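The next block holds one structure in the form of structure tokens; read it before the comments.
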Amino acid sequence: MRPDDKLWFIDAARLALVVERELHAGYGKKLGYTLEDVARIELTPNNRAYQDHMIATAVRGTLVEAVAAITPCPWLYVELGQHLARELGTIPDTHPYADWLRMYSNPEFNTYMDNLLERLERFAREADDAARARAKEAFRTSVRYEWMFWQQAWEQQRWPV
Numbered sequence: 243m244r245p246d247d248k249l250w251f252i253d254a255a256r257l258a259l260v261v262e263r264e265l266h267a268g269y270g271k272k273l274g275y276t277l278e279d280v281a282r283i284e285l286t287p288n289n290r291a292y293q294d295h296m297i298a299t300a301v302r303g304t305l306v307e308a309v310a311a312i313t314p315c316p317w318l319y320v321e322l323g324q325h326l327a328r329e330l331g332t333i334p335d336t337h338p339y340a341d342w343l344r345m346y347s348n349p350e351f352n353t354y355m356d357n358l359l360e361r362l363e364r365f366a367r368e369a370d371d372a373a374r375a376r377a378k379e380a381f382r383t384s385v386r387y388e389w390m391f392w393q394q395a396w397e398q399q400r401w402p403v
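Residue numbering for the sequence shown follows this note's numbering, beginning at 243 and increasing consecutively.
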């Protein structure tokens with residue numbers, strides 16, 4: 243990996259941590275919970291499996307596999323945020339997800355996604371056929387976990403035992 247790629251991923255990880263933390267802290271103030279409360283929540287089965295998939299892929303896989311595994315999450319959030327903003331037009335302050343929608347509909351996230359996708363494509367070109375095939379499977383698995391992540395909230399998933 244090129245040094246500028248390393249720096250980009252460090253900056254992207256920092257941005258994700260800072261932005262997500264601020265978003266959760268803001269919702270916590272509105273809904274009466276703290277970041278410490280969030281840290282104590284037990285992960286649902288789907289959430290734990292998704293995180294384990296991404297971590298295992300990053301630890302055991304090639305660079306293209308790791309990037310392929312993490313790409314669906316931000317890509318979905320950016321696409322969803324921008325789609326909903328287009329559908330809603332102006333996002334009213336009273337909308338329960340106004341902060342989320344404003345954040346992920348921000349055009350700056352297009353630049354982030356363009357940079358991430360450019361790197362994914364470049365890493366795929368530089369990889370061998372076997373690594374590209376595993377990267378496609380890692381991406382597909384993450385897409386499935388993304389769907390399961392949203393579905394678990396809808397169904398209020400809990401551990402069965």
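For each residue, glycine too, the CB sits at the ideal point set by N, CA and C.
All values reported here derive from a predicted model rather than from experimental measurement.
#1: Nearest to Thr-332 by alpha carbon, out of Ser-347, Leu-318, Pro-314, Tyr-319?
#2: Buried or exposed: which applies to Thr-313, given that a residue is buried once 16 or more other Cβ atoms fall within 10 Å of its Cβ?
#3: Around the Cβ of Ala-310, are there at least 16 other Cβ atoms within 10 angstroms (buried) or fewer (exposed)?
#4: Under the rule that 16 or more other beta-carbon atoms within 10 Å means buried, what is Trp-317, buried or exposed?
#5: Report all residues from its chain with a CB closer than 8 angstroms to the CB of Asn-288; omit the five preceding and five following residues, and keep chain order.
#6: Work out the CA separation of Asp-341 and Asp-279 for me, nearest whole Å.
#7: Please report the straight-line C-alpha distance between Lys-378 and Asp-294, rounded to a whole angstrom.
#8: Just the Cα atoms here: how many angstroms apart are Met-355 and Ala-308?
#9: Measure the alpha-carbon distance for Arg-244 versus Arg-302 and round it to whole angstroms.
#10: Could you tell me whether the Cβ atoms of Val-306 and Ala-366 are closer together than 8 angstroms?
According to the data block:
#1: Position 90 of the sequence shown holds residue 332. The shortest Cα separation from Thr-332 among Ser-347, Leu-318, Pro-314, Tyr-319 belongs to Ser-347.
#2: Position 71 of the sequence shown, counting from 1, holds the residue named residue 313. Counting Cβ neighbours within 10 Å, Thr-313 comes out buried, since at least 16 surround it.
#3: What you label residue 310 is simply residue 68 of the sequence shown in a count that begins at 1. Buried, since its Cβ has 16 or more Cβ neighbours within 10 Å.
#4: Position 75 of the sequence shown, counted from the start, is the residue given in the question as residue 317. It counts as buried.
#5: Within the sequence shown, the letter at position 46 stands for residue 288. Correct list, in chain order: Tyr-387, Met-390, Phe-391, Gln-393, Gln-394, Gln-399.
#6: The count along the sequence shown starts at 1 and reaches residue 279 at position 37. The count along the sequence shown starts at 1 and reaches residue 341 at position 99. If I take the Cα positions, the gap works out to 20 angstroms.
#7: Reading the sequence shown from its first residue, position 136 is the one you call residue 378. Reading the sequence shown from its first residue, position 52 is the one you call residue 294. C-alpha separation (whole angstroms): 18 angstroms.
#8: Residue 355 sits at position 113 when you count from the first residue of the sequence shown. Residue 308 sits at position 66 when you count from the first residue of the sequence shown. Rounded to whole angstroms, Met-355 to Ala-308 spans 16 angstroms at the Cα level.
#9: Position 2 of the sequence shown, counting from 1, holds the residue named residue 244. Position 60 of the sequence shown, counting from 1, holds the residue named residue 302. Roughly 20 angstroms separates the two Cα atoms.
#10: Position 64 of the sequence shown, counting from 1, holds the residue named residue 306. Position 124 of the sequence shown, counting from 1, holds the residue named residue 366. Yes, the pair counts as a contact, with Cβ atoms nearer than the cut-off.
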